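First residue of the sequence shown: 10, per the numbering used here; consecutive thereafter.
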Amino acid sequence: MSLPYHLRPGTDLMSKQVIQDQEVINIITHHLTNTKNDYISSNNEWADGTRSDVVLEPKSNVLNLPPIIVEIQHRVSEDFIKRTIGYSLQAFKRYECGPVVLIICTSSLSTSLKDDCTVSKRAACFEIPCRFWAQECLIVCKESIQTDDTTTPLDPFVALGLFLSHGAQSLVGTPNSDDMTMKQLFKLAMDYYDSLLGSERHLIETLNEALEAQSQ
């Protein structure tokens, strides 16, 4: 079974759904803050009315952990980074702590932005300067995932990066499709798609019942 093109991995709706699963949250937080089960998905609307894609916040202030902003973007450009800086400043106002920003690029980086990217110490990531607005700003894209990172079994974070950046509509077309994490990610996507189909079927059944009742 395949996902429809508009719900393939890397699209806005599907990416947000997958990322907010607790197991996927743990994949992200383990890679960025070396923690598991210490974050939850939080309100993604900021005080100024703007919205991030996903905001992960620590379950408790005593953990002394930064908020994490996750952005899924088709093309990452200077204008997009400017918007992201705005989100980061809003996060600082809310949490009184600079965030870690994770940008998942599903297509390409602008040429000038590439010049500012350096290879991060964190596997599968580029980083860009962010001294005055975030603790870290990391970018995951096809180019940041090195060949050495793609040996099976994959690091779970690398699997997530491949899953979202390649946009395959079926597991067969997914890189490293025999990898356990990749299978789990694709199952999450398929489960969400099945839930949408179930909602549509329920709506159709309800409408049919209403029409039948009117005709009697």
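Every residue, glycine too, gets a C-beta built ideally from N, C-alpha and C. Keep in mind the model is a prediction, meaning the values are calculated, not measured.
Should the segment 161 to 177 be regarded as contacting the segment 43 to 60, the criterion being three or more beta carbon pairs within less than 8 Å?
no
Can you grab the Cα-Cα spacing for the pair residue 202 / residue 154, in whole Å?
27 Å
Given this structure, state the Cα-to-Cα distance separating residue 181 from residue 187, to the nearest angstrom.
A direct Cα-Cα distance of roughly 9 Å separates residue 181 from residue 187.
Leaving aside the five residues before and after residue 56 along the sequence, list all residues of the same chain whose C-beta is less than 8 Å from its C-beta, in chain order.
99, 102, 103
Pull the bridge partners of residue 111 from the DSSP assignment, please.
Per DSSP, 79, 147.
Taking only the alpha-carbon atoms, compute the straight-line gap between residue 30 and residue 53 and give it to the nearest angstrom.
In a straight line, the C-alpha of residue 30 is about 15 Å away from that of residue 53.
Relative to the C-alpha of residue 195, which residue among 183, 206, 205 is closest?
183
Give me the Cβ distance between residue 114 and residue 139, rounded to the nearest whole Å; I'm assuming they're in contact under 8 Å.
So it is not a contact: roughly 16 Å between Cβ atoms.
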